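Working notes, structure below.
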Amino acid sequence: MIRTTVSALAYLASSLVAGVVGLSWAVVSTLGVSLLAITQLGGPAFLGAAWVTRRLADLERQRARWILGAAIAVPYLSIEGGTVRQRVSRVAVQPATWRDLAWLVALFPLGLAGGIAAIVVTVVDLAAVVAPLWAWAVPNPHAPFPMRPLMTTVPGRFGLTVLGVLLLPVTAWFLRTAGLAQARVARALLAPGAHRHLVDEAARLAQTRRRVVDAQAAELRRIERDLHDGAQARIVAAGMTLALAARKLRIGAAAESDVDLARRQLDDALTELRRLVRGIHPPILTDRGLHAAVAALAGDSPLAVEIRGDPNDRYPAAVESAAYFVIAEGLANAGKHADARTCVVTLSRTTGTVTVTLTDDGQGGADPSGSGLDGLRRRVEALDGQLFITSPPGGPTVLSAELPH
1396 MIRTTVSALA YLASSLVAGV VGLSWAVVST LGVSLLAITQ LGGPAFLGAA
1446 WVTRRLADLE RQRARWILGA AIAVPYLSIE GGTVRQRVSR VAVQPATWRD
1496 LAWLVALFPL GLAGGIAAIV VTVVDLAAVV APLWAWAVPN PHAPFPMRPL
1546 MTTVPGRFGL TVLGVLLLPV TAWFLRTAGL AQARVARALL APGAHRHLVD
1596 EAARLAQTRR RVVDAQAAEL RRIERDLHDG AQARIVAAGM TLALAARKLR
1646 IGAAAESDVD LARRQLDDAL TELRRLVRGI HPPILTDRGL HAAVAALAGD
1696 SPLAVEIRGD PNDRYPAAVE SAAYFVIAEG LANAGKHADA RTCVVTLSRT
1746 TGTVTVTLTD DGQGGADPSG SGLDGLRRRV EALDGQLFIT SPPGGPTVLS
1796 AELPH
């Protein structure tokens, strides 16, 4: 109790100084930024003022630890990178920026009232407790009533001491209550609000979704490996066994015809299995990356395909898979529906984004709501990406996918 009472007294008393500093800075920074807002210095001035305001608010969050037992959490979102205008916009749209300023203004009246009340109550109570010592050290026989009998007589002096001791729990309760009330107001303004909680929840859900997508991609790769190394290998082995049997056995024409039919059926099954494997997840995509997989698609395409991008650039597995199927569908549509002859595939990376663009010289007129493009859109949007298509009649058609990574 003693520790919490002393902490509450220190918190309330220091609020006198903090309130004056906070109000002074709020007034000066608001006026300064307002005057400079019409000049080129407006943006830097706002960012500088916000930085100082946040440092003062951080001190307030640490001071609240004296009462709350833990510092108030920081509510700010990252503003790294970008131009001055972009950073100003990111700071200005955060509610925490203005809640900090509101607390610095509100701290002055709260600190003034709470600090003065805490100091007066503490001094009066302690003065009553040490009344005998005070009266002995500074005698005053001319004190007015009712202080004269209290300060000049032994019963009066010790009566003040008893009264002061009895009031100590009341004083301690007042200090803790007043300090807790002010700290709760500080927490209401300085703690992360609904905006920060929504942003954190969105980030958590995005991370969870990425893990699910990565797990799905890993499972597809596992299925592809099982089919490639298991069923496909056994079918190949069975075909080789039948071929050896056809050579070694001297059998009738009917039996030989049955062996040949079995071999053809195995070849058809193997072809279908390989097509299925490529549809699930192309092995070359895992082994050599997106650029090599697109080169393989270009080799099988009837179009003249030009690939632009860094051949050695690798991306997350889920991003590579989505980009591959966007390109595969785009090349198939260009050759089948647009009567295109050439297509340019561009792979580029910017900060946090992989962009895939296909441009063909076909007749255009693609339907953005078609089943194929709608499926691609869902695949891209599952990664928080966006799919764009521009296909005016007469062409050209531009299909573009932006995938965050």
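Counting from 1, position 191 in the sequence shown corresponds to residue 1586 in our numbering; the numbering is continuous, with no gaps. Glycine included, each C-beta is placed from N, C-alpha and C at the ideal position. Remember, it's a predicted structure, so these values are computed and weren't measured experimentally.
Pick out whichever of the options has its Cα sitting closest to the Cα of residue i.
{"i": "Val-1565", "options": "Glu-1701, Val-1689, Val-1516 and Val-1580", "result": "Val-1516"}
{"i": "Ala-1466", "options": "Leu-1753, Pro-1587 and Ala-1487", "result": "Pro-1587"}
{"i": "Ala-1717", "options": "Asp-1682, Val-1423, Val-1401 and Ala-1777", "result": "Ala-1777"}
{"i": "Ala-1723", "options": "Asp-1705, Arg-1736 and Gly-1767", "result": "Gly-1767"}
{"i": "Arg-1683", "options": "Tyr-1719, Val-1412 and Leu-1570", "result": "Tyr-1719"}
{"i": "Thr-1399", "options": "Lys-1731, Leu-1436, Phe-1569 and Val-1518", "result": "Phe-1569"}
Please say whether residue j and residue i have beta carbons closer to each other than 9 Å?
{"i": "Ile-1462", "j": "Ala-1403", "result": "yes"}
{"i": "Ala-1581", "j": "Glu-1715", "result": "no"}
{"i": "Leu-1407", "j": "Val-1500", "result": "no"}
{"i": "Thr-1492", "j": "Thr-1434", "result": "no"}
{"i": "Leu-1742", "j": "Val-1700", "result": "no"}
{"i": "Ala-1513", "j": "Gly-1574", "result": "yes"}
{"i": "Thr-1746", "j": "Gly-1443", "result": "no"}
{"i": "Ala-1729", "j": "Leu-1698", "result": "yes"}
{"i": "Ala-1687", "j": "Leu-1680", "result": "yes"}
{"i": "Gly-1780", "j": "Leu-1753", "result": "no"}
{"i": "Asp-1769", "j": "Arg-1744", "result": "no"}
{"i": "Leu-1451", "j": "Val-1412", "result": "no"}
Within 10 Å of its beta-carbon, does residue i have 16 or more other beta-carbons around it, so buried, or fewer, so exposed?
{"i": "Ser-1764", "result": "exposed"}
{"i": "Pro-1791", "result": "buried"}
{"i": "Phe-1441", "result": "buried"}
{"i": "Ser-1410", "result": "buried"}
{"i": "Val-1740", "result": "buried"}
{"i": "Ser-1473", "result": "exposed"}
{"i": "Gln-1577", "result": "buried"}
Can you name, in chain order, every residue of its own chain whose Cβ lies under 8 Å from the Cβ of residue i, other than the five neighbours on each side?
{"i": "Gly-1759", "result": "Ala-1733, Ser-1786, Pro-1787, Pro-1788, Gly-1789, Gly-1790, Pro-1791 and Thr-1792"}
{"i": "Leu-1802", "result": "With the chain running from 1396 to 1800 in the structure shown, residue 1802 is simply not present."}
{"i": "Val-1594", "result": "Leu-1472"}
{"i": "Gln-1457", "result": "Ala-1466"}
Spatial neighbours of residue i within its chain, please: C-beta separation below 7 Å, excluding the five flanking residues on both sides.
{"i": "Gly-1438", "result": "Val-1479, Arg-1480 and Val-1483"}
{"i": "Arg-1460", "result": "Ala-1466"}
{"i": "Ala-1421", "result": "Leu-1496, Leu-1499 and Val-1500"}
{"i": "Gly-1704", "result": "His-1686, Thr-1741, Leu-1742 and Ser-1743"}
{"i": "Val-1423", "result": "none"}
Can you name, in chain order, every residue of its own chain whose Cβ lies under 6 Å from the Cβ of residue i, other than the five neighbours on each side?
{"i": "Val-1721", "result": "Val-1751, Leu-1771 and Ala-1796"}
{"i": "His-1800", "result": "Tyr-1710, Pro-1711, Val-1714 and Val-1749"}
{"i": "Arg-1591", "result": "Pro-1470"}
{"i": "Leu-1794", "result": "Gly-1725, Leu-1753 and Ile-1784"}
{"i": "Ala-1589", "result": "none"}
At least 3 beta-carbon pairs within less than 8 Å: the region 1478-1496 vs the region 1557-1576 | Judged by pairs of C-beta atoms under 8 Å, the region 1478-1496 does not touch the region 1557-1576, as fewer than three such pairs exist.
Report yes or no: do the region 1468-1485 and the region 1415-1431 share at least 3 C-beta pairs separated by less than 8 Å?
-> Judged by Cβ distances under 8 Å, the region 1468-1485 makes no contact with the region 1415-1431, as fewer than three pairs qualify.
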